[in-house]
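> I have a structure here, written as structure tokens, and I will follow up with some questions on it.
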Amino acid sequence: MLGEFVGILLILALALLIAAGFLALHRVLSPKREFAEKQEPFECGEAQIASPHQRFSVKFYLVAMLFVLFDVEAMFFYPWGAIFRDLGGYGLAVMAVFTVPLVLGLIYEWKKGALEW
Amino acid sequence: MVGEAVILSAILFAIGTVGALVRRNVIVVLMSIELMLNAVNLALVAFSRQWADPAGQMLVLMVIVVAAAEVAVGLGIVIALFRNRESLNVEDASLLKW
Amino acid sequence: MIPVPTLHIVAILPVLLLAVGAFAVLLAELFLSSRGTGKSGAGSVFVGVSGATLLVVVVIAAQGFISAGAPAFNPDHPMLHLDRFSYFAIGLVAGAALLSCLLANGYLQELRIHHGEFYALLLLSTAGMVLLVSAVDFLSVFLGIELMSIPLYVLAGFDRGKPRSNESALKYFIAGSFATALLLYGMALVYGATGATHFAAIAARLDPDDSMAMAGVALILVGFAFKVSSVPFHQWTPDVYEGAPTAVTAFMSVTVKVAAFVALLRILAQAFGSAEALGTVLALLAALSMLIGNLMAIIQDNVKRMLAWSAIAQAGYLLVPLSTGTPEGQAAVLFYLAVYVFGNLGAFAVMIALTHRGQEADRFEDFDGLAKFRPGLAAAMVLFMVSLAGIPGTAGFMGKLQIFFAAIRADQLPLAILMALTSVVSVYYYLRLPIAMYMRPAREHPHRKELDFLEFTVLATCAIFVLVLGLLPNTLDWLPVIDWTHQSAAALASK
């Protein structure tokens, strides 16, 4: 039982080792000549004009939140899908009742412009 | 098996409760409340197995969905507050004195 | 093939109607606002649709009360139980929501936040309350509480350009979802101890000596104590009441109290009957709430804050009969809730009627000499304050009398005496407004000078109910409120 996983573990260990090895080699072998300009962030050769710690647009969070809402509602579809055939027409009708408010919610956010960037 | 799950859920719930009460960043408070809800889910699933009864799992599905709705509303409120205030610290929300 | 269960749509008709109404208002908001129809035209559509929906729900509740209940939606797995007890509560909640929705029209226009979402959220929250008051399973209790609370968090922050409103929403949200988490963990522990979420099954298997079950019961109680804002779980109340738009404060201060107390009554009677220690705990919460609520209300300088502390004190009065567990006590809770709805809603209605151009009338100075400019409004405010204080001849006095007798018959004499004493203290702060209105020199107020028709209707309804419940609570043939509360309590016992 455990034997099946030994190969995978070996590959994982090897991958880690190689990555760590190259990083270490780079540390040891690379030439180090540091001066002020080199420490600055490089932006197409131009002097930096804005902080890299910029905030995302609030729109981003809005779309993310709307996604989470609809994504989680999909959870109810899964158990329904698993026994869809046993439930028959009744299950379909109930799921339709469940879906209508979701679709109305989608229409609402669409018309309100919440999905536009 | 069920016993361990319940103990773990109690620990998680305690961590969440303490976090919600002592942390000052709104986002961290939200995360703590989420942790409490997930502790509830863990306990419900464990008890559901112990009693061989699906009602507990049904409740878990409800909790997950409702918690997502709640957090979306919470984040919406935080964004509205942030637009007017530029701070995420609970103590800065002090126009209304306690 | 899984057999199709027999379903009784009548049992979920109120919830269904409220949900349909909410979506209708949302769609109306989308299509009316985008076509550039005048805002006032869209506004009357919102008020019309939501008002009509709520009115139909009130009628359904009355009809259901007369026919003494409806069958469960799915009798194999009953989640909701629509007996006289739930119908009484549904009527009260939907009635209060109807009055709040009529009040909102003028107020939201003055604040320039007149959007259809307000009414949709109000209807959805009411649907949650209907679920909560008829729930007989912890699953439906949870759904009801969340459907009631989540729209309220949004409503508290509805004036989203104002930091105060944002802050109120944030505090309400954090306190509310924390309470929900405690409540849920309590439900999980009770489920673990009994293997059931249905009240009757829990009652059959709950062991008062099982520490895990009792921890669950305690957590559920704490969750509800947050919702009804009882001391020591009340800290959020004054901030949320002050910061939220007044129309929202009016709505939530009365309806949440009704829904949460009614649900608590049912849970205590039908699920936790064997946990006798609960009576003592509830009595302690009652005593603390009455003391701290009334004392803190004295030192407030904002009328909404004062009413918030008064709401905490009123929660204390309501916990007194709740702790007795007798049918008489349950009837007293229902009667006092009815009294509280009309008295408190009336007081907020007066404040709403004074709001002008985004300027709220929520400081005591705003009421100085008001009797000279607005004698009718001032008189109405006196009536509501006197009723909240419980001075003889008003609804508040009748309600407290019921509580007093129920407590004495259940051997809770100390609580009854404490209630009488703290009520005397409360007269001091409730009469500050009448004194400001009638004795202080009049000033030029920036308030609105006219009352719109809907506000007049609400004020008149509240005033009439306060007078009728105070003077003739059981003499009118068509409005025997005390008999109704006893019939509801009887339905609770027969289950």
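Residue numbers (numbering that gives the first Met the number 0), protein chains in the order written: chain Z, 0 to 116; chain A, 0 to 97; chain X, 0 to 494.
Note that CB positions come from ideal geometry on N, CA and C, so glycine has one too.
All of these numbers come straight from a predicted model, not from anything done at the bench.
Under 8 Å: do the segment 250-267 of chain X and the segment 379-389 of chain X share three or more Cβ pairs, one atom per stretch?
Contact fails: fewer than three Cβ-Cβ distances are below 8 Å.
> With 7 Å set as the bound, which would you pick, yes or no: does the beta-carbon of residue 110 of chain Z sit closer than that to a beta-carbon of chain X?
Here residue 110 of chain Z refers to the residue found at position 111 of the first sequence. With 7 Å as the cut-off, residue 110 of chain Z counts as an interface residue toward chain X.
> Are three or more beta carbon pairs between the segment 165-180 of chain X and the segment 223-241 of chain X nearer than 8 Å?
Yes, the segment 165-180 of chain X is in contact with the segment 223-241 of chain X.
> Just mark residue 105 of chain Z as buried or exposed, buried being the case when its beta carbon has 16 or more other beta carbons within 10 Å.
Here residue 105 of chain Z is taken as the residue at index 106 of the first sequence, counted from 1. Answer is exposed; the Cβ neighbour count stays below 16.
> Quick one: grab the DSSP three-state call for residue 414 of chain X.
The residue labelled residue 414 of chain X in the question sits at position 415 within the third sequence. Correct three-state label for residue 414 of chain X: helix.
> Mind listing which residues of the segment 47-74 of chain A have their C-beta closer than 7 Å to chain Z's C-betas, in chain order?
From the segment 47-74 of chain A, only 60, 63, 64, 67, 68, 71 and 74 have a Cβ closer than 7 Å to chain Z.
> Can you name the residues that DSSP bridges to residue 488 of chain X?
Your numbering for residue 488 of chain X matches position 489 in the third sequence. According to DSSP, residue 488 of chain X bridges with nothing at all.
> Going by the beta-carbon positions, is the gap between residue 497 of chain X and residue 310 of chain X smaller than 7 Å?
Residue 497 of chain X lies beyond the residue range present for chain X, which begins at 0 and ends at 494; the question has no answer from this structure.
> Could you tell me the alpha carbon to alpha carbon distance between residue 404 of chain X and residue 464 of chain X, rounded to whole angstroms?
For the purposes of this step, residue 404 of chain X is taken as the residue at position 405 of the third sequence. For the purposes of this step, residue 464 of chain X is taken as the residue at position 465 of the third sequence. C-alpha separation (whole angstroms): 22 Å.
> Rounded to whole angstroms, what's the CA-CA distance from residue 75 of chain Z to residue 170 of chain X? Just pull it up for me.
Position 76 of the first sequence, counted from the first residue, corresponds to residue 75 of chain Z. Position 171 of the third sequence, counted from the first residue, corresponds to residue 170 of chain X. C-alpha separation (whole angstroms): 31 Å.
> Please confirm whether residue 114 of chain Z has its beta-carbon closer than 7 Å to some beta-carbon of chain X.
To locate residue 114 of chain Z, count along the first sequence from 1; it is residue 115. Not an interface residue.
> Sort X:441, X:123, X:474 and X:131 by Cα distance to residue 100 of chain X and report the nearest one.
Stepping through the third sequence from its first residue, residue 100 of chain X is reached at position 101. That would be X:123, whose Cα lies nearest to the Cα of residue 100 of chain X.
> Could you tell me if residue 0 of chain A is buried or exposed, where buried requires 16 or more neighbouring beta carbons within 10 angstroms of its beta carbon?
As a first step, residue 0 of chain A must be located in the second sequence, where it is residue number 1. Classification for residue 0 of chain A: exposed.
> Give me, in chain order, the residues of the same chain whose beta-carbon lies closer than 6 Å to that of residue 363 of chain X; leave out the 5 immediate sequence neighbours on both sides.
Counting from one through the third sequence, the residue named residue 363 of chain X turns up at place 364. Once the five neighbours on either side are set aside, the close Cβ partners of residue 363 of chain X are 435.
> Give the DSSP-derived three-state secondary structure of residue 83 of chain A in the structure shown.
Here residue 83 of chain A is taken as the residue at index 84 of the second sequence, counted from 1. Looking at residue 83 of chain A - three-state DSSP - the assignment turns out to be helix.
> Can you find a CB in chain A that lies within less than 7 Å of the CB of residue 93 of chain Z?
As a working mapping, residue 93 of chain Z is identified with position 94 in the first sequence. Chain A contact via Cβ: absent.
> Where DSSP assigns a beta bridge to residue 358 of chain X, which residues make up the other side?
Residue numbering aside, residue 358 of chain X sits at position 359 when the third sequence is read from its first letter. Residue 358 of chain X pairs with X:355.
> For residue 11 of chain X and residue 149 of chain X, what's the separation of their Cα atoms in angstroms?
Sequence index remark: in the third sequence, residue 11 of chain X carries index 12 (1-based). Sequence index remark: in the third sequence, residue 149 of chain X carries index 150 (1-based). Cα to Cα, the separation comes out at about 20 Å.
> Cα separation between residue 13 of chain A and residue 31 of chain A?
As a working note, residue 13 of chain A is residue 14 in the second sequence. As a working note, residue 31 of chain A is residue 32 in the second sequence. Distance between the alpha carbons of residue 13 of chain A and residue 31 of chain A is about 10 Å.
> Run through the segment 219-294 of chain X for me and flag every whole alpha helix (DSSP H) of 4 or more residues, listed as ranges in chain order.
Whole alpha helix (DSSP H) segments, 4+ residues: 235-242 and 245-269.
> Could you give the distance in angstroms between the alpha-carbon of residue 257 of chain X and the alpha-carbon of residue 78 of chain A?
Within the third sequence, residue 257 of chain X is the residue found at index 258, counting from 1. Within the second sequence, residue 78 of chain A is the residue found at index 79, counting from 1. So the two alpha carbons sit approximately 31 Å from each other.
> List the residues of chain A that residue 33 of chain Z touches, going by C-beta distances under 7 Å, in chain order.
Taking the first sequence and counting its residues from 1, one reaches residue 33 of chain Z at position 34. Those within 7 Å of residue 33 of chain Z in chain A number zero; the least Cβ separation is about 36 Å.
> Helix, strand or coil: how does DSSP classify residue 465 of chain X here?
By one-based count along the third sequence, residue 465 of chain X stands at place 466. Helix.
> So that I know if they touch, is there some Cβ in chain Z lying closer than 7 Å to that of residue 6 of chain A?
Stepping through the second sequence from its first residue, residue 6 of chain A is reached at position 7. No - not a single Cβ of chain Z is within 7 Å of the one on residue 6 of chain A.
> Give the interface partners of residue 24 of chain A over in chain D, defined as CB-CB distance under 7 Å, in chain order.
The structure shown contains no chain D; its protein chains are Z, A and X.
> Any beta-carbon of chain Z closer than 7 Å to the one on residue 36 of chain X?
Translated into the one-based positions of the third sequence, residue 36 of chain X becomes position 37. Summary for residue 36 of chain X: the model assigns pLDDT 46, below 50, so the residue's position carries little reliability; its value from the coordinates is reported in the next sentence. Chain Z, which has no Cβ nearer than 7 Å to the Cβ of residue 36 of chain X, makes this no.
> Tell whether a beta-carbon distance below 7 Å holds between residue 285 of chain X and residue 228 of chain X.
For the purposes of this step, residue 285 of chain X is taken as the residue at position 286 of the third sequence. For the purposes of this step, residue 228 of chain X is taken as the residue at position 229 of the third sequence. Result no, Cβ atoms of residue 285 of chain X and residue 228 of chain X do not sit closer than 7 Å.
> With which residues is residue 136 of chain X paired in a DSSP beta bridge?
What you label residue 136 of chain X is simply residue 137 of the third sequence in a count that begins at 1. BP columns for residue 136 of chain X point to X:197.
> Quick one: is residue 37 of chain A near chain X, going by C-beta distance under 7 Å?
In the second sequence, counting from the first residue as 1, residue 37 of chain A sits at position 38. No, because no Cβ of chain X sits closer than 7 Å to the Cβ of residue 37 of chain A.
> Tell me which residues of the segment 18-33 of chain X have at least one Cβ-Cβ distance to chain Z shorter than 9 Å, keeping chain order.
The residues in question are 18, 22, 25, 26, 28, 29, 30 and 33.
> Near residue 51 of chain X, which residues of its chain fall below 6 Å by C-beta distance, leaving aside the five closest residues on each side in sequence?
Here residue 51 of chain X refers to the residue found at position 52 when the third sequence is read from its first residue. Answer for residue 51 of chain X: no residue qualifies.
> Give the DSSP bridge partners of residue 301 of chain X, in chain order.
As a working mapping, residue 301 of chain X is identified with position 302 in the third sequence. Residue 301 of chain X is bridged to X:362.
> Can you give the Cα-Cα distance for residue 54 of chain X and residue 216 of chain X, rounded to whole angstroms?
Residue numbering aside, residue 54 of chain X sits at position 55 when the third sequence is read from its first letter. Residue numbering aside, residue 216 of chain X sits at position 217 when the third sequence is read from its first letter. If you take the alpha carbons of residue 54 of chain X and residue 216 of chain X, they lie about 36 Å apart.
> Could you tell me whether the segment 58-75 of chain Z touches the segment 62-72 of chain A, using the rule of 3 or more Cβ pairs below 8 Å?
The segment 58-75 of chain Z vs the segment 62-72 of chain A: in contact.
> Run through the segment 87-132 of chain X for me and flag every whole beta strand (DSSP E) of 3 or more residues, listed as ranges in chain order.
The qualifying runs do not exist here; there are none.
> Let's see if you can read the secondary structure: which residues bound the alpha helix (DSSP H) around residue 68 of chain X?
Stepping through the third sequence from its first residue, residue 68 of chain X is reached at position 69. First-last for residue 68 of chain X: undefined, no H or E at that position.
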